[in-house]
Amino acid sequence: MGYFNRTKAGNERDYRFRFWRSRLKDWQGYWNEVPKQYGETEFLKQVGKTTTGISVSNVVVNAIVSNIVEELSIGREDHVLDLCCGNGLLSSKVSRQCAEVVGVDVSAVLIALARKYHQPENVEYFCRSILDPTLYAQLESRRITKICVYEALQYFRPEDLRLILRLARKILPHDGLVLFGSIPDAERLWSFYNTPDRKAEYFRRMAKGTEAIGTWWNKQELREIVENEGFSVEILAQTRTLHTAHYRFDVRIRSSR
Ligand SMILES: C[S@@+](CC[C@H](N)C(=O)[O-])C[C@H]1O[C@@H](n2cnc3c(N)ncnc32)[C@H](O)[C@@H]1O
2 MGYFNRTKAG
12 NERDYRFRFW
22 RSRLKDWQGY
32 WNEVPKQYGE
42 TEFLKQVGKT
52 TTGISVSNVV
62 VNAIVSNIVE
72 ELSIGREDHV
82 LDLCCGNGLL
92 SSKVSRQCAE
102 VVGVDVSAVL
112 IALARKYHQP
122 ENVEYFCRSI
132 LDPTLYAQLE
142 SRRITKICVY
152 EALQYFRPED
162 LRLILRLARK
172 ILPHDGLVLF
182 GSIPDAERLW
192 SFYNTPDRKA
202 EYFRRMAKGT
212 EAIGTWWNKQ
222 ELREIVENEG
232 FSVEILAQTR
242 TLHTAHYRFD
252 VRIRSSR
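Here it is, written out as structure tokens:
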């Protein structure tokens, strides 16, 4: 029986259970509206890289990029697909280490910013949902070797993850790697909502269907989904430099076909 199917859950877990099943928020609408609240060059705020409303430091951004490059073993020959790339802040930095980056995001606002401010020659952006199968047909000739999905698995349900893996398999070579970076950890929900006020805010938002983060993933459930799709999985702790290390984890997946 899956973690979220247990019936004897306490009140707090019950709330997570209901959210897990209902997925109430319109994330596409959200990511087309929220970035407009900020200035055109407030790149970190536009993609939520903040702590208590303040943009994270360059040290943190550089640590995120180094982690992506290391965890995916990105080298000069690689063609990297950056799914849910946002405003291209990370895509453009990763592109310095590889042959090409293809960035995909469903937010027209963020893709416009990416094309305006984060557009090196070896990066191309597509404004599409990563759940759109026609996208992967279009990418088949791009010789993608690595896929990165940073701080975005929270916007998807288990059935979406299954679809993403099936679509990814169509374009990845044998032994191709996928990194799902910075996944909210269901077991550490209260490390994020860590004061009485924040906890109360969580319950208020849950009741309205506007919880801020999205899907809080259970590691075991995630592992089962990925392994059932025939990929191997490694769950990685985040380096402590990251502002998210106390409530998020990374997952590296290897395709074999
Ligand atoms: C927190 S931002 C992260 C952006 C970028 N990966 C980063 O770390 O800077 C999450 C992104 O996921 C994108 N997103 C959410 N659902 C999506 C979907 N179905 N297809 C493509 N992008 C999606 C949003 O538009 C948003 O840009």
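The sequence shown begins at 2 in our numbering and counts up by one.
Backbone N, C-alpha and C define an ideal beta-carbon position, used for all residues, glycine too.
Here the structure is a predicted model, which means the values were calculated and not measured.
Best match in L84, L90 and P185 for proximity to E41 [C-alpha to C-alpha]
Closest by alpha carbon: L90.
Give the list of continuous beta strand (DSSP E) stretches no shorter than 3 residues that lie fully inside the segment 188–255.
Runs of the beta strand (DSSP E) lying entirely within the segment 188–255 and spanning at least 3 residues, in chain order: 233–238 and 249–255.
What does DSSP give as the partner residue(s) for P134 in the beta ladder?
Partner(s): none; P134 has no beta bridge.
Quick one: does the C-beta of Y248 sit closer than 7 Å to a heavy atom of ligand 1?
False, no ligand heavy atom lies under 7 Å from that Cβ.
So does the segment 77–93 actually touch the segment 124–144, counting three or more Cβ pairs closer than 8 Å?
Yes, since at least three Cβ pairs between the segment 77–93 and the segment 124–144 fall closer than 8 Å, the two stretches touch.
Whole angstroms is fine: what's the gap from A138's alpha carbon to C99's?
Between A138 and C99, the C-alpha separation is close to 22 Å.
Taking its Cβ as the centre, do 16 or more other Cβ atoms sit within 10 Å of N180, making it buried, or is it exposed?
The question names Asn, but residue 180 in the sequence shown is Leu. With 16 or more Cβ atoms within 10 Å of its Cβ, L180 is classed as buried.
Neighbour-count burial assignment, Q38, 16 or more Cβ in a 10 Å radius
Q38 should be labelled exposed.
Report back the beta-carbon spacing between R224 and I236 to the nearest angstrom; my notes put them in contact at under 8 Å.
At roughly 7 Å, the Cβ-Cβ gap stays under 8 Å, so R224 and I236 are in contact.
Should L243 and A64 be called a contact, given that it needs their Cβ atoms to be closer than 8 Å?
Between L243 and A64, the C-beta gap is smaller than 8 Å, which places the two residues in contact.
Say yes only if the C-beta of V103 is nearer than 7 Å to one or more non-hydrogen atoms of ligand 1, and no if none qualify.
Not one heavy atom of ligand 1 falls within 7 Å of the beta-carbon of V103.
I'd like to confirm something about I131: is its beta-carbon nearer than 7 Å to some heavy atom of ligand 1, or not?
Proximity of the beta carbon of I131 to ligand 1 is indicated: a heavy atom of the ligand is located closer than 7 Å.
Going by CA-CA distance only, name the one from R253, Q120 and D176 that's closest to C86.
It is Q120 whose Cα lies nearest to the Cα of C86.
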